[in-house]
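Down below is the structure, laid out as structure tokens.
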Amino acid sequence: MTDALEVLDFMDKHSDSDTRTHEAALRSLGRLAAGPKYQEVVGDARFHAILSSLASRLDDCDARTLSMIADASARFRISTPELSDMAQRLAEVVTRREDAFNPRSLANVAIALSIRGVRDVPTVEFIRNEAIKLMDDLEPAHCVMILEAFRRWGVFDRQLVDMVVERMSDEVDRFTARDLVDALAVISRLGLARGFLLRRLCTLAFENLQQFTPRELAKMAYALAKLRFLAQSNIDELADTLAPDLHKLVGSQVSELLYALAMADAKHQLDLARTLVAQYVDSPGGVPAMSGGSLIDVAWSLAALDLVDEHKPEFKAVLNEIFVNRTPPQNRIPLMKLFDVVNALELEYKDLGISVPAAWKAACDDADRFEMDRLETARLHNEIVMRFDNLRGTANGMKWQLRMQRNQTCGPYRVDMLDEETKTALDLEIISWPTSRHLKHRMLENLGYRVLRLQYWDWRRARTEEDQNIFLEREVTKLFEAQPLEAIAS
């Protein structure tokens with residue numbers, strides 16, 4: 003059957019069918035109920051009857067069938083009360099089946115229940131305990147699904163994460179192209195700073211770039227850029243591999259690749275960036291068809307790559323779609339990206355005459371403020387401040403000592419640390435922050451600040467206190483030699 007209404011009609015006439023038929027019907031409806039038909043299908047009484055029938059049979063299902071039903075229910079892009087009720091009923095049955103699930107079935111159940119928003123404590127604890135028992139048998143795909151489920155639940159269980167990461171590291175040679183791309187995606191969404199695993203995955207990926215589809219390459223670039231694990235040489239390799247099939251990328255795939263270029267500050271690939279901008283606006287449906295996250299990625303990328311003046315119509319069209327036709331999301335990540343763009347409009351692109359609605363401006367301000375306040379007590383940042391307390395050096399014959407204060411205001415921004423006397427602003431390029439700081443620092447430089455951007459992975463390589471002091475002294479001295487200090491009391 004190729005029409006969702008045909009499936010509903012068939013099941014209405016064969017309501018006494020077995021559980022396997024009901025599961026297959028639900029799976030088909032998840033695939034066929036797209037676009038305008040979606041609400042019609044999920045609101046149909048015949049669809050509710052299928053869900054009700056399945057829910058009444060769950061107690062009699064084995065673990066494999068429960069997994070298949072869970073997987074079928076996860077195919078629907080938006081939850082409804084009926085789908086949520088069935089998922090909750092499914093969770094109640096699943097948690098009574100200790101030691102019944104194999105790794106694949108458990109992973110399917112975990113990701114499906116997380117997608118449907120079932121996150122009660124007994125369910126999460128059951129999945130955790132069963133995953134730990136099965137850890138030695140988890141395949142790469144199962145590891146990825148378990149991590150993604152716990153991310154969706156908003157639960158960070160360090161023991162489980164450490165075990166899963168170790169398992170993934172042990173099984174690197176078994177990763178398929180899809181496994182690798184999905185693994186990088188979930189690691190980037192979680193902000194997991196696991197350098198050993200990332201190095202192994204990157205080595206595997208860049209030795210086999212021809213094995214990936216254009217869509218997978220764009221997704222991989224996006225994830226690595228967020229993890230600050232994408233060197234400009236990697237960008238060049240990706241660009242060369244993608245070149246013959248670049249035209250196959252559309253919509254969010256284009257914005258992901260453009261964002262990766264901007265995050266890596268790949269100014270040497272501006273021709274590629276220009277091509278991507280044109281390809282983005284020419285994608286099916288044009289700018290109005292794009293998701294809010296994709297639009298914000300493009301707006302930030304144009305500002306970060308300093309391409310706004312070349313692409314004023316596209317930049318205006320993207321921001322008009324965001325500010326006029328969309329409402330601020332609850333998710334802080336796109337708002338934090340847009341905060342940079344709003345500041346760029348005020349400081350660099352006033353001549354465009356783009357007005358930022360108050361609701362959007364307030365949402366962006368709140369998102370940035372919340373995250374900066376959260377970082378104020380971060381162990382990593384405190385570690386750096388402690389090193390500065392006793393750090394001294396000389397640049398161009400002038401002695402310096404910085405007295406760094408945490409979470410200080412600089413123009414429209416707040417920075418991780420600021421020395422007011424020398425107007426030296428420091429930000430740590432952490433992987434949990436959704437944008438690179440180079441756009442922010444460009445604007446702060448134009449406001450008269452000296453800016454210092456410390457790369458997370460560089461700091462982590464300085465393992466001892468002595469190494470950290472040497473690293474900081476070198477970076478600060480390099481900054482002051484490039485922008486000489488005026489006389490400062492020693």
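Following the numbering used here, the numbering of the sequence shown begins with 3 at its first residue and continues without gaps. The beta-carbon is built from N, C-alpha and C at its ideal position, and this holds for glycine as well.
Counting other Cβ atoms within 10 Å of its Cβ, Gly32 reaches 16 or more and is therefore classed as buried. Here DSSP, grouped into helix, strand and coil, assigns Cys63 to coil.
Secondary structure remark: continuous beta strand (DSSP E) runs of at least 3 residues inside the segment 337-367: none found.
Spatial neighbours of Glu173 in its own chain (CB-CB distance under 6 Å, excluding positions within 5 residues in sequence) are listed in chain order as Pro142. Ranking Ile356, Met419, Pro330 and Ala275 by CA distance to the CA of Met388 puts Met419 first.
Under the 10 Å beta carbon count, Ala280 is surrounded by fewer than 16 other beta carbons and is classified as exposed. With fewer than 16 other Cβ atoms from the protein chains shown falling within 10 Å of its own Cβ, Thr466 counts as exposed. Across the structure, Ala47 and Leu309 are spaced so that their CA atoms are roughly 52 Å apart.
Taking the Cα positions, Leu85 is about 21 Å away from Asp18. Taking Asp367 as the centre and dropping the five residues before and after it, the same chain places the C-beta of Phe341 closer than 8 Å to its C-beta, in chain order. For the pair Arg334 and Glu373, the CB atoms are nearer than the 8 Å cut-off. Under the Cβ criterion (8 Å, minimum of three pairs), the segment 85-94 counts as touching the segment 53-64. Only residues of its own chain outside the window of five on either side were considered, and among them Ser257, Leu260, Tyr282 and Val320 have a CB closer than 7 Å to the CB of Val300, listed in chain order. The three-state reading of DSSP puts Gln485 in coil, since its state is none of H, G, I, E or B. Proximity to Val167 across Gly156, Val157 and Leu186 peaks at Leu186, based on C-alpha coordinates. Here Lys39 carries a helix assignment [DSSP, helix/strand/coil].
Contact between Asp175 and Val146 fails: their C-beta atoms lie close to 16 Å from each other, not under 8 Å.
Glu483 is a Cβ neighbour of Ala397, given a cutoff of 8 Å. DSSP places Ala427 inside the beta strand (DSSP E), whose first and last residues are Thr426 to Glu431. Between the C-alpha atoms of Leu456 and Glu150 there is a straight-line separation of about 29 Å.
For Gly395, the three-state secondary structure derived from DSSP is strand. Here Pro286 is near Val252, since their CB atoms are less than 8 Å apart. Note on geometry: alpha-carbon atoms of Leu272 and Leu430 lie some 26 Å from one another. In the three-state scheme derived from DSSP, where H, G and I count as helix and E and B as strand, Asp421 is classed as strand.
Of the other Cβ atoms in all chains shown, fewer than 16 fall within 10 Å of the Cβ of Ala364; this residue is therefore exposed. The segment 414-428 and the segment 459-476 do not touch, with fewer than three beta-carbon pairs separated by less than 8 Å. Cβ-Cβ distances below 6 Å link Asp181 to Pro142 and Ala143 in the same chain, with the five nearest sequence neighbours on each side left out; the list follows chain order.
Using a Cβ distance threshold of 8 Å, Glu475 and Gly399 do not count as a contacting pair. In this structure, the beta-carbon distance from Leu232 to Ala262 falls below 8 Å. A distance below 8 Å separates the beta carbons of Val44 and Ala35. Between Val478 and Trp402 a beta carbon distance of about 7 Å is seen, short of the 8 Å cut, so the two are scored as contacting.
Ala264 has its alpha-carbon roughly 19 Å from the corresponding atom of Pro216.
Put simply, of Leu404, Pro124 and Arg376 the residue whose alpha carbon is nearest the alpha carbon of Ile386 is Leu404.
Separation of the CB atoms of Ala65 and Phe103 is rounded to 5 Å, and the pair is thereby assigned contact status at 8 Å.
Our two residues, Pro359 and Arg376, have alpha carbons roughly 26 Å apart in a direct line. In this structure, Leu454 lies near Leu481, with their beta-carbon atoms less than 8 Å apart.
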